[in-house]
Amino acid sequence: MVENIGLPAPLASPASCLGDPVAPYSAVNFMETLLRLLQQDATVSREDLARQLNLPVADVNARITALENDGVIRGYQAIVDRERFDQNTVTAFIEVRITPERGGGFDRIAQRIAKFDQVVSCYLISGGYDLLVVVQGTSLREVASFVSEKLSTIESVISTATLFRLKTYKENGALFTTDTPEDRLAVSP
Amino acid sequence: MNDKIAAHVRDIPRSGIRDFFEIVQSMHDVISLGIGEPDFVTPWHIREAALFSLEKGRTGYTSNLGLPKLREAIANYVARKFHVQYHAPSEVLVSVGVSEAIDIALRALLNPGDEVLYHEPCYVSYNPSVTLAHGKAVSVPVHEKDNFQLRADELAKRITPKSKILLLNFPTNPTGATMPREALEPIAELCVKHDLIVLSDEIYAELTYDGAEHASIATLPGMRDRTVFLHGLSKGWAMTGFRIGYACAPAPLIEAMMKIHQYAILCAPIMTQDAAIEALEHGDAAVAHMREKYELRRNYIVSALNDMGLPCPTPRGAFYVFADIRPTGLTSREFSLRLLEEQKVAVVPGTAFGKDGEGFVRCSYATSLEQIKIAMERMARFVTAAGRK
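As they're listed, the protein sequences go chains C and W. First residue of the first sequence: 1289, per our numbering; consecutive thereafter. First residue of the second sequence: 71, per our numbering; consecutive thereafter.
As structure tokens, this is what we get:
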């Protein structure tokens, strides 16, 4: 079991594990580019992807299916600015310290925590605490009671620190504030 | 008053692109594929460097040649990317965009009547810049069948005892043409044989696609000491408004160019010079990201143009497709005006880039893919309708 310190080993890129030629400065590195395009906008049509990548649509479909089957693509979701929809959603980042188990390390307990519906993300972290747990609820009280009744009561949990989100500026690469206005010349040499 | 204007200035025709710009400007809801600058905002880390420069109160003049640290960064970048070595203190000059560098290079080199060869269709400023420097501009046509590359035999035919300069621009605005090393070799041989100086505008060098590596003519045998290597931050780094270009050349030439630059311009703005250092030293990833975006859009637009019956080989550089519109039977200007009126899509008639651009229109893909998609749908409708008439 790797100790919970330092940086994780870099993952092999999907392109190299799936046997694509890797050419610098070029979009011929299809898998890498395909993933990036989907991460930017998963709603892009297969036809548009095919045109951009200069590949047949069937080929694009096959590559995406392979990425899904290999578990590289775990799902597709919308990036939502909840504040524009309702004011009630509460998001908390909870720093959790736990006692690792002999033989299992942090995994079993982390997985146990991750299974709660209230938990939207859960990461093993280096530094002063072990797990960063992102929890969502409809009120402060709801999140607080989840922490005190569910999280803190787990035997190997030593301590928790709950940090409430006040405002989102950027999420998954999407800025939540609009940038520069469009003032380009209509035609230029 | 017109009779007071200097004859060589008065005789320069109005820019074709400017005419067209005014028509487009007067209309609403136009999707423009007519824009010759990146649609990206300058990468944040570079903008932040400019802010930091202002914050530190760096608001004065710099050395005429440019900040020593920037010239060092330029020499390092050019050596790293293009494999040409320049001595930063004496062989590098920072200009206000490549346009200024071309102007001062021409003025430093030309005696009245000296001839400057340049390939056409080309960027709109080359011909008038030569005229303004009292030289004679001699165009060498490039052809679609050669992928718009410059052919040595076409060039050789136009060399005279008065030929002094060859102006090159690869990757090319407006054709997207690139010149691999093998294609540059016979050109370089002619330059050596006829003792020509080369002004090589390599502003689109970073925007070379399909994994191809940009080759500079300065790397060919006998060429370094007869080449003015011209480059800048505008295109690859999306920094058009920063106005930073540079020239690398043998010291006597830089010294001569500096004489003009110091009296006409003094120096490029200090805060954008500071930002340029950041761009050159830490901008590779951002450039690669934008290049990938352009390449994907290029693939899209080329495929769409071919599908609508406008034959279009895949250009390998810059961010332009020079689409062959001859199948429609329209002239470049008719095509562009009618496409604008009927479908509200702006492209630039090929003739804006020289008479050899007839039969083509320049479509820029420095615009979001969403816009390109709509533009291509509208253009396909237009071409289908034009084909029925």
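No residue lacks a Cβ here, since even glycine has one placed at the ideal position from N, Cα and C. This structure is a prediction, so every number in the text was calculated from the model and none was measured.
Item	Value
According to DSSP, residues forming a beta bridge with W/Arg313	Partner(s): none; W/Arg313 has no beta bridge.
Residues within the region 183-217 of chain W neighbouring chain C, beta-carbon criterion of under 8 Å	Tyr193, Val194 and Ser195
Validate contact between the region 404-413 of chain W and the region 90-101 of chain W using beta carbons, cut 8 Å, 3 pairs	yes
Continuous alpha helix (DSSP H) stretch holding W/Gly353: start and end	No alpha helix (DSSP H) holds W/Gly353; DSSP gives it neither H nor E.
Chain W contacts from the region 1340-1360 of chain C (Cβ-Cβ distance under 8 Å)	Gln1340, Leu1341 and Asn1342
Assigned exposure category for C/Asp1374 - 16 Cβ within 10 Å defines buried	exposed
Below-7 Å beta-carbon distance, W/Ser406 vs any chain C residue	no
N-terminal and C-terminal residue of the beta strand (DSSP E) that C/Glu1383 is part of	Val1378 to Ile1386
Presumed contact (8 Å Cβ cut-off) between W/Pro241 and W/Tyr274, rounded CB distance	4 Å
Among W/Thr201, W/Lys305 and W/Met293, the one whose alpha carbon lies nearest that of W/Asp173	W/Thr201
C/Glu1356, enclosing alpha helix (DSSP H) - first and last residue	Val1345 to Asn1357
Contiguous alpha helix (DSSP H) assignments of at least 4 residues, all confined to the region 388-434 of chain W	402-413
Span separating the alpha-carbon of W/Leu439 from that of C/Ala1432	45 Å
Euclidean distance between Cα positions of W/Lys329 and W/Ala349	27 Å
Min CB distance W/Val357 to chain C below 7 Å	no
Beta-carbon proximity list for W/Met293, same chain, < 8 Å, skipping 5 on both sides	Ala258, Cys261, Val262, Val268 and Ile287
Whether W/Asn134 touches W/Tyr193 by CB criterion (7 Å)	no
Pair within 7 Å by beta-carbon distance, W/Ile442 and W/Arg367	yes
Contact belief for W/Val166 with W/Ile335 at Cβ below 8 Å, rounded distance in angstroms	6 Å
C-alpha distance - C/Lys1458 paired with W/Thr278, whole-angstrom precision	32 Å
Chain C contact residues for W/Gly246, given Cβ-Cβ distances below 9 Å	Within chain C, no residue comes near W/Gly246; the closest Cβ sits about 15 Å away, beyond 9 Å.
Reduced DSSP secondary structure (H/G/I, E/B, other) of W/His359	helix
Where C/Glu1371 falls: helix, strand or coil (DSSP)	helix
Classification of W/Tyr333 by the beta-carbon crowding that lies within 10 angstroms, buried from 16 upward	exposed
Best match in C/Glu1383, C/Asp1395, C/Leu1463 and C/Tyr1411 for proximity to C/Ser1440 [C-alpha to C-alpha]	C/Glu1383
Residue-chain proximity (W/Ile87, chain C), Cβ-Cβ < 7 Å	yes
CB contact below 7 Å: C/Ala1474 versus chain W	yes
Expected contact under 8 Å - CB spacing of W/Glu190 and W/Gly424 to nearest Å	4 Å
Contacts around C/Arg1385, its chain only, beta-carbon distance under 6 Å, and the 5 residues preceding and following it disregarded	Tyr1417, Asp1418, Ile1446 and Ser1447
Chain-ordered neighbours of W/Ile105 on chain C, where CB pairs are closer than 8 Å	Arg1472, Leu1473, Ala1474, Val1475 and Ser1476
Limits of the alpha helix (DSSP H) - the one that W/Pro159 falls within	Ala158 to Glu161
Contacts of C/Thr1321 in chain W (Cβ-Cβ under 8 Å)	Glu362 and Leu366
W/Arg432 vs W/Phe392 beta-carbon contact at 7 Å	yes
6 Å Cβ shell around W/Arg313 - same chain, five flanking residues per side excluded	Val166 and Gly167
W/Ala436 beta carbon less than 7 Å from that of W/Phe389	yes
Beta-ladder partner(s) of W/Thr297, from DSSP	W/Val268
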